[in-house]
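Okay, so here's the structure we're looking at.
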Amino acid sequence: MKTNKIAWSNLIFFLILTTVGCASNSGKLPSATNYNSITTSVDDYQYIIGPGDNLSIFVWRNPDISGSFVVRPDGKVTTSLVEDIEVSGKTPTALARQLEEQLGKYINNPRVTVSVSGFQGPLSEQVRVIGEAMNPRAVNYTERMTLLDLMISVGGLTEFASGNSAKLVRMVSGVQKTFEIRIGDLIKNGEIEENIDMLPGDIIIIPEAWF
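Letter by letter, the sequence shown follows residues -23 to -1, 1 to 188 of mature numbering (1 follows the signal peptide of the UniProt record, and there is no 0).
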């Protein structure tokens, strides 16, 4: 009797392992969702609010409902009159007009101003540097940022970097494209013609050199 129980236990354990093993090899996870920046050229850049931003919302003649609000990870803020306002992905001006419309249900002819401090911005507005940079990381895009500005912010190249083999990955009209860039010539040789304008959402990939 005891032997049968052990046998059944072993069989059940084997079936569980087999099921888990099959499930783990049953498919591929879907690719990450891409949220493209609304900025398509250096001339049309506008700051976009994102999680972590500190918003100063001023309602004229209504100091009791004015104040500072941190954008939550879900992209929303809550004020004393309006709960769960979706603010991420909007410009400060667009948000001010939206708040005027919503607050108009409670107060007469509201006038709202929105300013931003403690800038974080949405991930779609960041520029990422990966590979052989001294401090590879995501960098918040600033107006008219160039490749040289970006490389200064990440500390330049490592001694093992193949800067002239670097790639720029960019979304162009909804299509991902890859461009060759020569960071080594820009930084080490001062060839300023290799400097380029960056855009929100750009990814710089710097490979290691083969010696």
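Ideal placement from N, C-alpha and C gives every residue a C-beta, glycine not left out.
* To do: Quickly, what does DSSP pair Glu63 with across the bridge? List them, please.
  => Per DSSP, Lys53.
* **Per-residue DSSP class, three states only, for Ile182** => The answer is strand: DSSP assigns Ile182 an E or B state.
* If Ile169 and Gly140 are in contact, beta carbons under 8 angstroms, what's the gap, nearest whole angstrom? -> Wrong, their Cβ atoms sit about 15 angstroms apart, outside the cutoff.
* To do: Within the stretch 102 to 145, note down every full alpha helix (DSSP H) run reaching 4 residues or more, in order along the chain.
  => Taking 4 residues as the minimum length, the alpha helix (DSSP H) runs contained wholly in the stretch 102 to 145 are 124 to 130, in order along the chain.
* To do: From the DSSP output, in three-state form, read off Arg88 for me.
  => In the three-state reduction of the DSSP assignment, Arg88 falls in the coil class, being assigned neither a helical nor a strand state.
* With a cut-off of 8 angstroms on the beta carbons, I'd call Leu32 and Val64 a contact; round off their distance for me. => Right, the Cβ-Cβ distance comes to about 7 angstroms (below 8 angstroms), so this counts as a contact.
* To do: In angstroms with no decimal places, state the Cα-to-Cα distance between Gly52 and Pro177.
  => Going from the Cα of Gly52 to the Cα of Pro177 covers about 19 angstroms.
* **C-beta atoms of Asn172 and Thr123 nearer than 8 angstroms** => In this structure, Thr123 lies closer than 8 angstroms to Asn172 by Cβ.
* Terminal residues of the continuous beta strand (DSSP E) containing Thr155? -> From DSSP, the beta strand (DSSP E) with Thr155 extends over Val152 to Ile158.
* Asked: Rounded to the nearest angstrom, how far is the Cβ of Val106 from that of Ile158, given a contact under 8 angstroms?
  -> Between Ile158 and Val106 the Cβ distance is about 12 angstroms, and since that is not below 8 angstroms, they are no contact.
* Would DSSP call Leu32 helix, strand or coil? -> Residue state, collapsed to three classes: strand.
* Beta-carbon proximity check, Ile34 vs Val89, cutoff 8 angstroms -> Result yes, Cβ atoms of Ile34 and Val89 sit closer than 8 angstroms.
* For Gly167, is the classification buried or exposed, using 16 other Cβ atoms within 10 angstroms of its Cβ as the cut-off for buried? -> Classification for Gly167: exposed.
* Excluding five sequence neighbours on each side, which residues of the same chain lie with their C-beta closer than 6 angstroms to the C-beta of Val47? -> Closer than 6 angstroms at the Cβ level, and outside the excluded window around Val47, lie Asn31.
* Can you give me the Cβ contacts of Pro28 inside the same chain, cut-off strictly under 8 angstroms, excluding the 5 residues immediately before and after it? => Excluding sequence positions up to five before and after Pro28, its CB lies within less than 8 angstroms of the CB of Val48, Arg49, Pro50, Asp51, Gly52, Ser65, Gln97 and Pro99, all in the same chain and listed in chain order.
* Asked: Using the C-alpha atoms, what's the distance from Val146 back to Pro113?
  -> Using only the alpha carbons, I get a separation of about 15 angstroms.
* Beta-carbon contacts of Asp61 that lie in its chain and below 7 angstroms, excluding the five residues immediately before and after -> If we look at Asp61 and ignore the five residues flanking it on each side, its Cβ neighbours are Lys53 and Thr55.
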